[in-house]
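Novice:
Number of protein chains: 6
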Amino acid sequence: MSELVTFGETMLRYTPPPGERLETADDLSVDVGGAESNVAVAASRLGGDTAWLSKLVDTPLGRRIKRTLGAQGVTTDIVWSDEGRQGVYYFEPGGEPRGSDVYYDRTDAAITTATPAELATRRIDAANCFYTSGITPALSETLADTTATLLGNAQAAGTTTVFDVNYRSKLWSPEVARETLSGLLPSVDVLFVAARDAETVFGRTAAPQAVGQEFKETYGHDIVVVTHGEHGAVAVTEAGAVEQPAFDAETIDPVGTGDAFVGGFLAQYLAEGSIEGALEYGAATAALKRTLDGDMALVSPAEVAAVIGGDNGLTR
Amino acid sequence: MSELVTFGETMLRYTPPPGERLETADDLSVDVGGAESNVAVAASRLGGDTAWLSKLVDTPLGRRIKRTLGAQGVTTDIVWSDEGRQGVYYFEPGGEPRGSDVYYDRTDAAITTATPAELATRRIDAANCFYTSGITPALSETLADTTATLLGNAQAAGTTTVFDVNYRSKLWSPEVARETLSGLLPSVDVLFVAARDAETVFGRTAAPQAVGQEFKETYGHDIVVVTHGEHGAVAVTEAGAVEQPAFDAETIDPVGTGDAFVGGFLAQYLAEGSIEGALEYGAATAALKRTLDGDMALVSPAEVAAVIGGDNGLTR
Amino acid sequence: MSELVTFGETMLRYTPPPGERLETADDLSVDVGGAESNVAVAASRLGGDTAWLSKLVDTPLGRRIKRTLGAQGVTTDIVWSDEGRQGVYYFEPGGEPRGSDVYYDRTDAAITTATPAELATRRIDAANCFYTSGITPALSETLADTTATLLGNAQAAGTTTVFDVNYRSKLWSPEVARETLSGLLPSVDVLFVAARDAETVFGRTAAPQAVGQEFKETYGHDIVVVTHGEHGAVAVTEAGAVEQPAFDAETIDPVGTGDAFVGGFLAQYLAEGSIEGALEYGAATAALKRTLDGDMALVSPAEVAAVIGGDNGLTR
Amino acid sequence: MSELVTFGETMLRYTPPPGERLETADDLSVDVGGAESNVAVAASRLGGDTAWLSKLVDTPLGRRIKRTLGAQGVTTDIVWSDEGRQGVYYFEPGGEPRGSDVYYDRTDAAITTATPAELATRRIDAANCFYTSGITPALSETLADTTATLLGNAQAAGTTTVFDVNYRSKLWSPEVARETLSGLLPSVDVLFVAARDAETVFGRTAAPQAVGQEFKETYGHDIVVVTHGEHGAVAVTEAGAVEQPAFDAETIDPVGTGDAFVGGFLAQYLAEGSIEGALEYGAATAALKRTLDGDMALVSPAEVAAVIGGDNGLTR
Amino acid sequence: MSELVTFGETMLRYTPPPGERLETADDLSVDVGGAESNVAVAASRLGGDTAWLSKLVDTPLGRRIKRTLGAQGVTTDIVWSDEGRQGVYYFEPGGEPRGSDVYYDRTDAAITTATPAELATRRIDAANCFYTSGITPALSETLADTTATLLGNAQAAGTTTVFDVNYRSKLWSPEVARETLSGLLPSVDVLFVAARDAETVFGRTAAPQAVGQEFKETYGHDIVVVTHGEHGAVAVTEAGAVEQPAFDAETIDPVGTGDAFVGGFLAQYLAEGSIEGALEYGAATAALKRTLDGDMALVSPAEVAAVIGGDNGLTR
Amino acid sequence: MSELVTFGETMLRYTPPPGERLETADDLSVDVGGAESNVAVAASRLGGDTAWLSKLVDTPLGRRIKRTLGAQGVTTDIVWSDEGRQGVYYFEPGGEPRGSDVYYDRTDAAITTATPAELATRRIDAANCFYTSGITPALSETLADTTATLLGNAQAAGTTTVFDVNYRSKLWSPEVARETLSGLLPSVDVLFVAARDAETVFGRTAAPQAVGQEFKETYGHDIVVVTHGEHGAVAVTEAGAVEQPAFDAETIDPVGTGDAFVGGFLAQYLAEGSIEGALEYGAATAALKRTLDGDMALVSPAEVAAVIGGDNGLTR
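Residue numbers (the working numbering), protein chains in the order written: chain A, -9 to 306; chain B, -9 to 306; chain C, -9 to 306; chain D, -9 to 306; chain E, -9 to 306; chain F, -9 to 306.
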C-alpha cells in the first residue's frame, strides 16, 4: 500500500494565453489541479509511493483527471459516478497592477456527495500518512462529515494525519470555516497553515512561530508548519521551531505553490524524518513549481537537490 | 425595434483540435452557441434587424457571450444575474465510423430561472417575429412556463411566433417533451420540425409533407417546415407544399446547421415574404454553415446568393 | 445619442510571436487598433456611451474592424467605401536593448478621402464630447481639412472638443505638424499632449506643468493634460494644476497606453466631472492596458478601482 | 499480474502539421508509439489488464514514454539505462498522390541491448498472453536472441505467445527477416501476418485463407490471422476459417491501425474467447484508430460497440 | 549564370486557419507567393539553376521574400527600394459550396516602377530561358513596358522566352489584357495558356489542341501548352500535339498549381528536352503541389518520379 | 570566394513552449543551431560574405539545415551522406531557480566521419578567415584530426585562423580536451576563450586580461579574446589590452550568445580592422541575440548600431 494517501476534489483548469482575457481568448489551455492531488503528484515525482482517492463523473472529463494523475505515478482509486458534475475553474493570469483572477465552476461536483462508505478507506488505514485540506470540508456538508470521519478513523488506525487549512473565501466565510475546522483540527497530527489564513479564519495575529505554537497547544498537533509567502515558513514541534526562508523564483505560474511545498515536505519527511530537511525540500519544490505552467509540480529529485545546492546554471 | 427577437440559452462550446480527444487534448477552442442566438446571428448577418433576450451570469464568461453576439450585429438585452452558472458544452468531432459526441454541462444555468417579468418582453411585442425553440422549455419548469407565456403574449400582440422543435434526448424524454410541447404549439404560427423529431416525440411517421400537413391541422400553424437532413425540407402552408433540396456541402463543422437554416429562412421571409425564396435561402445558409467552424453562420448575403446561383469558383 | 464620439483611422495590427522576427515568423496575430477607436473602447468598457465614426473598405478586413469595436460596445457609424485600402501596421516587439519596431502600411486607406459631408456629424453635434487626435490630420490633406471642420463645428454646437497631439514622426515632419496643428488647437477645449511631443513639435521645453500653462494661454484650452511617461501626468485648468503619478506596471504590450489613459480619463470625467478623479482613473486604465495584449484596453471598472485601491492580489 | 504482457521498442514520433513539410515546419507534434505498446494501450483501454516491458534511457524523453503509457492504464516495468538513445521517428503525412513518409532515427536505442536477464520476465510467465512483433528481433542481434528466449520461455511457462510479423523494409531485408523469423515462429501460438508481408518475406502468394493455413501447418500455430488491409482479415484455426471485413473509416492518421487491430482482438479474445467476436472487435478498434491522431488507439469499449452496432450518429 | 531566370511580383499571403474567416480569425499564417517566383522555386527544387529578378521594399517584409526564395535555392537579384509597398494578398480557403476568396492588397507595390535599366538584365541575356507571366504587365503601365522590353531583348539575345497568360480579372479587363498581351506574344517562344483564359481574353473557344494551334499560328510560338484544369494539358509544337492527363490529387491548397506545372515542365525540359517528359513532369509537380500548404511547390525529384511511377504508398 | 569560412556541426534544436517540460509538452519548436553556423549567420547578416562547410545526411532534416542557413545568406558547401545521423539537441528553458537543461542526441552524426579530402577546403584557402570551435574536435577522433589539418593548412595558406574554445562537459573531459586543444592552438591566430573554460580546461585562474596574455605567450596567437559573461570581454594583442563591457539585455533565449559575439566581432573586424570596434560590435550583437528565440542572431547592422548608440526606443 501507499505511504501517502490524499483525498479531495480535483478540477480542470482553463487558462487563456498570457496577455489575453477570458472574455476574448479563442483557446484555453487545459490543466488538472486540486490541492490534494497536487500534493500527491509532487510527492510521487519526488519518490513517494502515493495514492489519491476521489469521486469523479464517468465522462472524458473525469477520466482525464484519473489518467493525468496516473501518468505522474499516483495510484488513483476512484468512485465513478453518473451524477454530479466535473468541477472546473478558470484562471486569468495577472501582472502588476492587475491581479490574477480565479472563477470557480465547481458547484455540484461529483465529489460533493462522497461518503466514507464508498471510498477506499482501507488505503488510508494502511498508509503512513493521510492528507486532505480545508477545501474539502468547504465543498458540501456531506464532505464536511466525510472529512471528519476520514481524519478521525485514520488517526485511530495509526496513520499520521496531515492537513492544510487552505482557506478559500469563495467557498465559505471565515466564521463557518472556523467552526467546521475547529472540529477537525484535534484529529490532525501535522498542520500546515498560512499566516494569512491563521489571521483571517482563526484571528491569530501573532508572529508565525507564535501562531504555530498556539495551534500546537490548542489542538495538540505534533507539527505545525506556518507559511508566510515570500518570507518562508516555520515549523513548530515539541523540539522547538525551525525556520526556512523561501527560495527566489521567477514566477511563470503561481498556482499550486503551497501544494508543492506540502508535497515536497512530505516526500522528504517520509523518506528521512528530519523537519529541517523536509522544510528545505518543500521550499525548493515550491520554488521550482513557480517556474512551471500548471497546478502540478512536475519536478525531479535532482532538480530539488540542485535548488538546495544553489546550482542553477545552464550546462550545454 | 427589431424585426426578429429570439429568446433562449446560449452556451460556451469547448472543442478539442481535429483528431484529438477530450480526454487528452491540451487546448480547447472556445465558441459561442445556442439555437436561438444562432438564428439571430444568421438573420443579422443576412440583413435582418435582430435582438436576443436571455439571462446570463455577470462574469467574463457571460460577458463574452453578449460581446460575441454584439459583434455580429445582434442587439442583446440581458438580465444579468449573480446566481446560477454559465452553461457550457463539449463537442468532440467524430469521423466515420466514430460519431461526434456532445457533453452538456448546463445544469443550473442562469437562464433556468428567467421569468417574463424580468425579460425585455416589450421588444417581443414590438417585433415582427419572435423565435424560440424546444430546447428552452426543456431546461427547467420555470422556463417551460416562461416559454408558454412569451409565445402566448407575442401572438396576442400580433407578433408572428416561430418555433423549432429541436428535440434533445439528453434534456428530456419524448413523453415529457410531447406533453410540454403540445401545450405550446397552439401558440406557434410558424413551426420548424425535423422529420426525426416528429417521429420520436410525436410519433408522426408519415412522409415529410404529410407530417407537415398533420401538424398544421392539429395545431393551426400558418406554416410548417419539415426538415429531413440531406434530403432537404418541405414547407406546408394554406397554399400547398413547397419542396427544397439540400445543397451539397463539405462539412467542417455540422453544429448549428439547422439554426442556420431557420435564420436564413427568416431573414429572407421577413425581407421578401416568399416561401420558396425563404426555403432556398435557408438551405443555402445551412450549407455554408457546414463549411465553417463554430455554431454561428458567419456568412454574407453575397455568399448565400452565390450558392443559390451555383457559383462557387475561386477567382484569383 | 452617445456621450463621447470619436473620429479617426483604425488599422489592423499584425504581430509576430514574442522573440520572433517579422522576417521569419510563420504566423502573425491580428489586432485592431487606432488612437480614436482605442479611446472609444476604453471609455465604453468603463461605462461610457460611445460612438466611433470612420470610413472603411467593404471587405472582410474593414468589416472586422466594425465588428471588433461593436463587440466592445462602441456604436459604429461607418462610411463604406469601394475605394482605398484597409490600413495595416506591423508591430515587432522588442526587449532591451532591442527597440520595438513599427512598420506602417496605411497609405491610401479609405479614410484618407473622408469628408464632413459623408460622415455622421449629427452624432458629434449631439454628443457631450468629440475626440480625435493629431494622427488624423496627418494622414491626408483631405483629412486635415475634415478634422478642422469637425472640431470647429463641434465646438460651435456646444460639444466639448478633445484632442491628443499624438505626434508620429513616420507620418509627417515636426514643421508640417506644427503648422497644421496650430490651426486646429484654437478649436480644442481639452488637450492631451506628451511632454516629448510638446518639445519636438512645438519647441516647448519647460517643465510639464509650465508647458500645460503655455498651451492653455496660447490656444485657450479649458484643460491641458501633459503626460510624461513613467513620471505621470499633470492637468492644468483655470483652477490650477493637478499632478498624477503613473502606476507601476508589468508591460506585456505597451501599444495603446496613451489612448487608454485618455479613454479612462474621459469616462470618469464625463461621469463625475472631477479632474483629480479623471486623472487617477486614466492612469489606472493605462497601467492595466500595459498588462494586456493588443491595442485596446479590455478592462473593467472593477479592475480600475482595484488598481486605484492598491488591491492586486490573487484570490483563489 | 497482468493478462497481457508485451515487449518491444517504443519511440517518440515527431509530425509536422498537415500540409507542411519536415524540411520547413516550425513545430512538430510529439506522440508516443511502438507496435507492442500500441497493442498494450488498445487492450488496456478496452478493459484488459496489460503490462509493457522495455528498456529506456533515463532522460525526460524516456520518462515521457513511461508516463504516457501509464496514463493509459498500462503497467510499465522498465530497465532504466544510462547508455543508448531514445529512438525517434519522423512522420510526414501524405495525401494522394504524395505518399506518407517515415524517417527512422532509432539506431542504438537503449532497448537494443536488452537481455532476458534484466527484463521482468516473471511478468511474462505469470500472464495469459505475451505479445511481441517482428520489429523487435530486427533491431539488433541481441534483441533477436532476447526475442527468441522470451517467446520460448513464455510458451514453456504456459503463456500464450502472440506475434505480429510486422515486416519493416527499413530495418532488414526480406532474406534476413525470413531467416530470423523462421526460427521464432515455432514458439508462436497466435500469429498475425499481413498478406503483403507473407508474400514479401515468406514468398506466400496464395489467397489469405490459404496463406493462414500454410503458416498454421508449417509452424504449428493455434491461430493465424491474415490481414489484407481494406479487404479485412481472416482467422484460421483448427475449427476452420473466419472472415472479417474492414469497417469504412475516414482516415485522420493511419499509423498504428494494425496494432489497434491486434489490441482489440486480444482484449476481446481474453475476455470472451470467441474468434468471431475478437476479429470484429479488432476491426472496429482499427477503424476507430484511423479517425484519431497519434499511434495509440485512444478508444473506449462503448465506441467499439457503437461501431460494431453501426451507430455513429451525433446525439446533441 | 542561371539556366532559368524569372521576373515578376512576389507577395506575402495571409491565410486564416481552415474553417475560420478573415473577419474573425485571430491568427494568419504567412506564405510567400508569386507566379514567377513559384516557377523558379519549383524548377530549383527539381534541379534547375534558377534566378528571380524583382524590386522590393527594404523592410523585413521585402527581406523575408528574398530570404524565403533563397532558402529554396533560387538566386535572387533584387532592386531594393525605399518607395512603394510590399504587396500582400489574403486567401480565404473555401469548401463546397463556399468558394475560396482572394483579396489583393498590392496597389503601389515597389515593383510597379521597375524599369529594365535598373534590373539585372544581363542575367536574362545569359540564361537558357526567361519566364514571366501576364500578371506582370497588368500591374502598371511601367511594368507593361518593362515586360515588353525584357521579352524582346531576351529573344534577341537568344534566350528562350516563356510566358504564361495567367489572366487575373481583379487586375484588368479582358479587353485591356488582350490589347497588351497581343503586343507581347510575338516575343514569346513558349506559351502557357489556360483554356479558360484563351476564351475569356482572346475569345478562343475551340478545343484545347485547336486553341494551341491557333496561338502558334497567330504569334509564331515554338510551343504552346494549353491547360484545362482537371482534364490535363496539351502541348502543340511543329511536331504535332501531345496530350497529358492531370494526376488525381487530394487538395490541401490549390494556390500555385499552375505555377508548379510550369516549373516542373521547364525543369525537365531544360534537363532532357522532351515535350512528353516535360508535360508529365509538370503534371506530377502540379499534383504534388496541391497536397501542400502555401504557394510554393516544396517537392523533390524523387517525389515527382514516384507520382509518375504510380508509387504513393506509405513505407514504414 | 567568401571572406569567412566556418566548419562544424549544426544540429536541430527542439524546444518545448515556455513553462512546459520536455516530459509532457505536446509540441516542440524546431530551430537550427551550431557554433560555427551561428557565427556564419551572424557575420552574414551583418554584411560579411560567409560560407559554411559541413557533412549532412541527405534527408529532409539535413536539407532543412542547408536551406535555413542559405536563407540567411550563408553559402553552404555540403558533403551529402547516406550514412550517419542528423544530430539534434533538446533545450528545456529554465527560470530561477531552475536551470536550463540541454540534452544532446548527436552521437554518430554524419559529420563525425568528415575528412579534409571530401570537404571543400579550397574555400578555406581562398578566404580571409577560417573559423571553427572546440566542439568540432570533441565529436570524434576523425574530426579531431580533420580540425588539426584544416587549421594547419589554412594557416599555411595565409588564411587567418579563428578558434573558440567552447568547452562542452557533455562531450569530453577537461583532461582530454586540454590534450587535444593544446595540439591545435599553435595553429590558431585569433583565439576566443571563456574565462570559465580557461580555468576548467587549462587551469588558468588569473584575471581575464592576464589569462589572455598567458594564452598569447604560450601559443603565439595574434589576438586572444577572453570573455567573462556579464562582465564583458577583454582582447589582448601585441598592442595591449582592450576592455569591452557587456550590454544589458532582457533574455528571451540565451543560446548562441557567444557565437553572436564572435560573428559580430569578425564581421566588423573584417570590414574595419579595429579591435575596439570589433569588440563593441560583438558585444552588441550578443546582447541583441539574447532578445531573440533560436540559436541564430537574426539581427541587422542598423540594430547593432542602435545598441552601440544607445537608441532603443519605440518609434511609432
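For each residue, glycine too, the CB sits at the ideal point set by N, CA and C.
Since the structure is predicted, the reported quantities are computational estimates derived from the model, not experimental observations.
(1) Pairing CB atoms from the stretch 284 to 294 of chain F with CB atoms from the stretch 33 to 40 of chain F, are three or more of them under 8 Å?
(2) The beta strand (DSSP E) with residue 23(A) in it runs from where to where?
(3) Which of the residues in the stretch 258 to 285 of chain D, read from start to end, lie with their CB under 9 Å from any CB of chain B?
(4) So what does DSSP say about residue 199(A), is it helix, strand or coil?
(5) Going by alpha carbons, who is nearest to residue 44(D) out of 27(D), 50(D), 51(D)?
(6) Which of helix, strand or coil does DSSP assign to residue 55(E)?
(7) Leaving aside the five residues before and after residue 214(D) along the sequence, list all residues of the same chain whose C-beta is less than 6 Å from its C-beta, in chain order.
(8) Say whether chain B places a C-beta atom closer than 7 Å to the C-beta of residue 88(E).
(9) Between the Cα of residue 208(E) and those of 217(E), 242(E), 175(E), spot the shortest distance and give me the residue it belongs to.
(10) Looking at C-alpha atoms only, which residue of 200(E), 173(E), 167(E), 199(E) is the closest neighbour of residue 190(E)?
(11) Give a yes or no on whether the minimum CB-CB distance between residue 364(B) and chain E is below 7 Å.
(12) Determine which residues of the stretch -2 to 14 of chain B have a Cβ less than 8 Å from any Cβ of chain I, and write them out in chain order.
(13) For residue 233(A), which residues does DSSP report across the bridge?
(14) From the beta carbon of residue 16(A), is the nearest beta carbon of chain F less than 7 Å away?
(15) Note down, in chain order, all residues in the stretch 46 to 62 of chain B with a beta-carbon under 8 Å from any beta-carbon belonging to chain C.
(16) So, does the CB of residue 173(F) fall closer than 7 Å to a CB anywhere in chain A?
(17) What residues in the stretch 96 to 113 of chain A bring their beta carbon closer than 9 Å to a beta carbon of chain B?
(18) Which first and last residues belong to the beta strand (DSSP E) in which residue 95(E) is found?
(19) Less than 8 Å between the CB atoms is what I'm expecting for residue 188(E) and residue 216(E), so what's the real figure, rounded?
(20) As a quick exercise: from 212(E), 240(E), 239(E), 219(E), pick the residue whose alpha carbon is nearest that of residue 231(E).
(21) Could you confirm whether any beta carbon from chain F is found closer than 7 Å to the beta carbon of residue 21(A)?
(22) Need the endpoints of the beta strand (DSSP E) that residue 45(D) sits in, please.
(23) Would you mind sorting residue 179(D) into buried or exposed? The rule is 16 or more other CB atoms within 10 Å of its CB.
(24) At a Cβ threshold of 7 Å, is residue 93(F) touching chain D?
(25) Please list, in chain order, all residues of the same chain as residue 145(F) whose beta carbon is under 6 Å from its beta carbon, the five residues on each side excluded.
(26) Whose CA, out of 282(E), 271(E), 265(E), 199(E), lies closest to the CA of residue 239(E)?
(27) Across which residues does DSSP place residue 71(F) in a beta bridge pair?
(28) Mapping DSSP to helix, strand and coil, what is residue 123(A)?
(29) Under 8 Å Cβ-Cβ, which residues of chain B neighbour residue 158(A)?
Specialist: In brief:
(1) yes
(2) Counted from its first residue, the first sequence places residue 23(A) at position 33. That run of the beta strand (DSSP E) goes 17 to 23.
(3) 274, 277, 278, 280, 281, 282, 283, 284
(4) Your numbering for residue 199(A) matches position 209 in the first sequence. Correct three-state label for residue 199(A): helix.
(5) Translated into positions along the fourth sequence, residue 44(D) becomes position 54. Nearest C-alpha to residue 44(D): 27(D).
(6) Reading the fifth sequence from its first residue, position 65 is the one you call residue 55(E). Helix, per DSSP.
(7) Here residue 214(D) refers to the residue found at position 224 when the fourth sequence is read from its first residue. Closer than 6 Å at the Cβ level, and outside the excluded window around residue 214(D), lie 181, 202, 205, 206, 226.
(8) Here the question's residue 88(E) lines up with position 98 in the fifth sequence. By this cut-off, residue 88(E) is an interface position.
(9) Working through the fifth sequence from its first residue, we reach residue 208(E) at position 218. Taking only the C-alpha atoms, the option nearest residue 208(E) is 175(E).
(10) The count along the fifth sequence starts at 1 and reaches residue 190(E) at position 200. Out of 200(E), 173(E), 167(E), 199(E), 167(E) has the C-alpha closest to the C-alpha of residue 190(E).
(11) No information on residue 364(B) is available, as it lies outside the stretch -9 to 306 that chain B covers here.
(12) Note that chain I does not occur in the displayed structure, where the protein chains are A, B, C, D, E and F.
(13) As a first step, residue 233(A) is located in the first sequence; it is residue number 243 there, counting from the start. Answer by DSSP bridge pairing, in chain order: 224(A).
(14) Position 26 of the first sequence, counting from 1, holds the residue named residue 16(A). So no, residue 16(A) is outside the interface.
(15) 57, 58, 60, 61, 62
(16) Within the sixth sequence, the letter at position 183 stands for residue 173(F). Answer no: the Cβ-Cβ gap between residue 173(F) and chain A never drops below 7 Å.
(17) 97, 98
(18) Residue mapping note: residue 95(E) aligns to position 105 of the fifth sequence, counting from 1. Segment 91 to 95, the beta strand (DSSP E) holding residue 95(E).
(19) Taking the first residue of the fifth sequence as 1, we reach residue 188(E) at position 198. Taking the first residue of the fifth sequence as 1, we reach residue 216(E) at position 226. With a Cβ gap of about 7 Å, residue 188(E) and residue 216(E) count as contacting.
(20) Sequence index remark: in the fifth sequence, residue 231(E) carries index 241 (1-based). Of the listed residues, the one whose Cα sits closest to residue 231(E) is 212(E).
(21) Along the first sequence, one-based indexing puts residue 21(A) at 31. For residue 21(A), the answer is no, since every Cβ of chain F falls outside 7 Å of its Cβ.
(22) Locating residue 45(D) in the fourth sequence gives position 55, where the first residue counts as 1. Its beta strand (DSSP E) spans residues 40 to 47.
(23) Taking the first residue of the fourth sequence as position 1, residue 179(D) is located at position 189. Label assigned to residue 179(D): buried.
(24) Within the sixth sequence, the letter at position 103 stands for residue 93(F). Answer yes: the Cβ-Cβ gap between residue 93(F) and chain D drops below 7 Å somewhere.
(25) Looking up residue 145(F) in the sixth sequence gives position 155. Here the set comprises 151, 177.
(26) Taking the fifth sequence and counting its residues from 1, one reaches residue 239(E) at position 249. Out of 282(E), 271(E), 265(E), 199(E), 282(E) has the C-alpha closest to the C-alpha of residue 239(E).
(27) For the purposes of this step, residue 71(F) is taken as residue 81 along the sixth sequence, with counting starting at 1. According to DSSP, which records beta bridges pairwise, residue 71(F) is partnered with 47(F).
(28) By 1-based counting over the first sequence, the position of residue 123(A) is 133. In the structure shown, residue 123(A) sits in a strand (DSSP, three-state: E or B).
(29) Reading the first sequence from its first residue, position 168 is the one you call residue 158(A). The premise fails here: residue 158(A) is roughly 17 Å from chain B at the closest Cβ pair, so nothing lies under 8 Å.
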